[in-house]
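S.K.: I'd like to ask you about the structure that follows.
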Amino acid sequence: RCPRTAEVLSELPLCRALGMAYFSEISPGSDVKAHFGPTNARIRYHLGLDVPEGNIYLAVGDGAYKWREGEVLAFDDAYIHAVKHEAD
Numbered sequence: 012r013c014p015r016t017a018e019v020l021s022e023l024p025l026c027r028a029l030g031m032a033y034f035s036e037i038s039p040g041s042d043v044k045a046h047f048g049p050t051n052a053r054i055r056y057h058l059g060l061d062v063p064e065g066n067i068y069l070a071v072g073d074g075a076y077k078w079r080e081g082e083v084l085a086f087d088d089a090y091i092h093a094v095k096h097e098a099d
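Converting from the sequence shown to my numbering requires adding 11 to each position, the first position being numbered 1.
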């Protein structure tokens, strides 16, 4: 679905060897329950591509961070994290 993005990512050795990249769409009313990754060897980067107005945030540890278009939220996957989409 995203051939150019897939091509660029395939050229990044660490992306191929140690991680993954994907697109997620979170619908209004979604609530991704708190969870954490299996290791602290992975840093997650979430880039807001098409973010509607409203209360859409990523909770990591004891903080909550609002998604904004064109901005990245980065965090250690080993910390407990959750997502809440309360926009229309």
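All C-beta atoms, glycine included, are put in the ideal place defined by N, C-alpha and C.
Helix, strand or coil, according to DSSP, for R55 in the structure here?
M.R.: Residue state, collapsed to three classes: strand.
S.K.: Note down, in chain order, each residue of its chain lying with its Cβ closer than 8 Å to the Cβ of A93, except the 5 sequence neighbours on either side.
M.R.: Counting only Cβ-Cβ distances below 8 Å, and skipping sequence neighbours, we find D42, V43, K44, A45, H46, L69 and A70.
S.K.: Do you know offhand how far W78's Cα is from G48's?
M.R.: Rounded to the nearest angstrom, the two C-alpha atoms are 21 Å apart.
S.K.: So which of E18, Y56, L23 and T16 has the shortest CA-CA distance to F86?
M.R.: Ranking E18, Y56, L23 and T16 by Cα distance to F86 puts Y56 first.
S.K.: Within 10 angstroms of its Cβ, does I54 collect 16 or more other Cβ (buried), or is it exposed?
M.R.: When all chains shown are included, I54 counts as exposed.
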